[in-house]
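*Asks:* In my numbering, each number is its position in the sequence shown, counted from 1, plus 723.
Glycine included, each C-beta is placed from N, C-alpha and C at the ideal position.
There's a structure below that I have some questions on.
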Amino acid sequence: MLCLAESFRPQSDSATRAAITRALPLLQKSAAEFSSQRSCFSCHHNGLSILTLRLAGERGFRIDSKTLSVVEEKTFRVLRAPQALDEAVQATNLSDPTPNDSLLLMAAHAAGLPLDLPTAVHAARITRWQRDGHWTTSDFRPPHSSSLFAATATAVRSIRWYMPSELSAERDAAVERAHQRLLATHPESTEDAAFRVMGLVWASAEAAPTNETRAIAPIKNRTRRIVSLLPAVVSWGPDSPASLAPSAAPAGVPAAAMANAGSVTIAGPASARLHPGDKDPADRDSGPA
724 MLCLAESFRP QSDSATRAAI TRALPLLQKS AAEFSSQRSC FSCHHNGLSI
774 LTLRLAGERG FRIDSKTLSV VEEKTFRVLR APQALDEAVQ ATNLSDPTPN
824 DSLLLMAAHA AGLPLDLPTA VHAARITRWQ RDGHWTTSDF RPPHSSSLFA
874 ATATAVRSIR WYMPSELSAE RDAAVERAHQ RLLATHPEST EDAAFRVMGL
924 VWASAEAAPT NETRAIAPIK NRTRRIVSLL PAVVSWGPDS PASLAPSAAP
974 AGVPAAAMAN AGSVTIAGPA SARLHPGDKD PADRDSGPA
């Protein structure tokens, strides 16, 4: 989240990079310690740590390659071990298809793991976990593993990468159902709103040119809404919009959504405020969502 937010906050590049540089050793130490103590996959200590460290390395930050290698070796054992295919087919290590397995595949992609039989089995299982156009989580622990928007967005991201070409029709149908569900569903928290934007970006990533307007307009509207919420969300004060509950990471997740929607130009915060029962003001710009 720190790296994704790099281009969002109005700070100097040097100040932003200094803050990220201070944070990275703590993140690496925590990820390494967790991996040494636990054998299970953790979306926060394994998946998100790998995504962040890999991205930080791409952006020119110094990463402890030995620590990253140790974390990745344990994280991807479920995909690389000799028995990985058998265990994937039998769901031996299944915890929660979303967001655990979806974040596992997102981390695998960041680390350069190719599409193979074990990753394809995981992707197919995620795809078939979809219900009514969205994905849910069986490990409901607010604020962790609680957002259906996060489960849906990460599922879309992972199956786009690891669903085999033989199942492309099934994948594309699931992604389109998710796209429509994200458009039609109102977020209840800042995390929901941010992952709604990311889900729309990822679901529209391969949209045909004829669908470009349909794909970009709702993303622009949802992104503007996040901009309007940021001051209240960061403060967690009494002015926070009543229709949205603050999340555990008030600034990082919306900033990540903004970075993922980087192709969208935002002129400034929306002036409308939300109240219980209000329709999303961004939706008024483009008709029914």
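Helix, strand or coil: which one does DSSP assign to Gly902?
*Replies:* According to the sequence provided, residue 902 is His. The question's Gly does not apply to it. Looking at His902 - three-state DSSP - the assignment turns out to be helix.
*Asks:* Return helix, strand or coil for His909, following the three-state DSSP convention.
*Replies:* Note: His909 maps to coil in three-state DSSP.
*Asks:* Which stretch, first to last residue, makes up the alpha helix (DSSP H) that contains Pro841?
*Replies:* That run of the alpha helix (DSSP H) goes 840-850.
*Asks:* Please list, in chain order, all residues of the same chain as Gly960 whose beta carbon is under 6 Å from its beta carbon, the five residues on each side excluded.
*Replies:* With a pLDDT of 37 at Gly960, under the threshold of 50, the modelled position of that residue is not reliable, and the figure given next carries that caveat. Nothing listed; no residue qualifies.
*Asks:* So what does DSSP say about Ala990, is it helix, strand or coil?
*Replies:* Residue confidence is low: Ala990 scores 34 on pLDDT, short of 50, so the model does not pin down where it sits. No coordinate-derived value is stated.
*Asks:* Give me, in chain order, the residues of the same chain whose beta-carbon lies closer than 7 Å to that of Glu893; leave out the 5 immediate sequence neighbours on both sides.
*Replies:* Cβ neighbours of Glu893 beyond the five flanking positions: Thr850.
*Asks:* For Asp736, report the span of its alpha helix (DSSP H) as first-last.
*Replies:* Unbroken alpha helix (DSSP H) run through Asp736: 736-760.
*Asks:* Per DSSP, which residues does Arg854 bridge with? Please list them.
*Replies:* DSSP output for Arg854 lists His857 as bridge partner(s).
*Asks:* For my contact list, His902 and Ala926 are in at a C-beta cut-off of 8 Å; report their separation, rounded to the angstrom.
*Replies:* The Cβ separation is near 4 Å, so the contact holds.
*Asks:* By Cβ distance below 6 Å, which residues in the same chain neighbour Glu810 in space, the five residues on each side in sequence not counted?
*Replies:* Answer for Glu810: Asn816, listed in chain order.
*Asks:* Put Arg864 into one of helix, strand or coil per three-state DSSP.
*Replies:* If DSSP states are grouped into helix, strand and coil, Arg864 belongs with the strands.
*Asks:* When you compare the CB positions of Ala831 and Phe799, do they come within less than 8 Å of one another, or not?
*Replies:* Yes, Cβ-Cβ distance for Ala831 and Phe799 is below 8 Å.
*Asks:* One question on the structure: do Leu808 and Ala847 come within less than 8 Å of each other, judged by their Cβ atoms?
*Replies:* No, Cβ-Cβ distance for Leu808 and Ala847 is not below 8 Å.
*Asks:* Let me know the secondary structure DSSP gives Ala921 once reduced to three states.
*Replies:* Looking at the sequence shown, residue 921 is not Ala but Met. Met921: helix per DSSP, three-state reduction.
*Asks:* Buried or exposed for Glu899, going by 16 or more other Cβ atoms inside 10 Å?
*Replies:* Burial call: exposed.
*Asks:* Lys797: buried (16+ other C-beta within 10 angstroms of its C-beta) or exposed?
*Replies:* Buried.
*Asks:* Nearest to Arg803 by alpha carbon, out of Leu836, Asn823, Phe863?
*Replies:* Nearest option by C-alpha distance: Leu836.
*Asks:* Are Tyr885 and Leu840 closer than 8 Å when you measure CB to CB?
*Replies:* Result no, Cβ atoms of Tyr885 and Leu840 do not sit closer than 8 Å.
*Asks:* Which one of Asp824, Ala834, Val793, Phe918 has the shortest CA to CA distance from Thr873?
*Replies:* One point to set straight first is that residue 873 is Ala, not Thr, in the sequence displayed. Comparing Cα positions, the closest option is Phe918.
*Asks:* Determine the burial state of Leu749: buried for a count of at least 16 other Cβ atoms within 10 Å of its Cβ, exposed for fewer.
*Replies:* With fewer than 16 Cβ atoms within 10 Å of its Cβ, Leu749 is classed as exposed.
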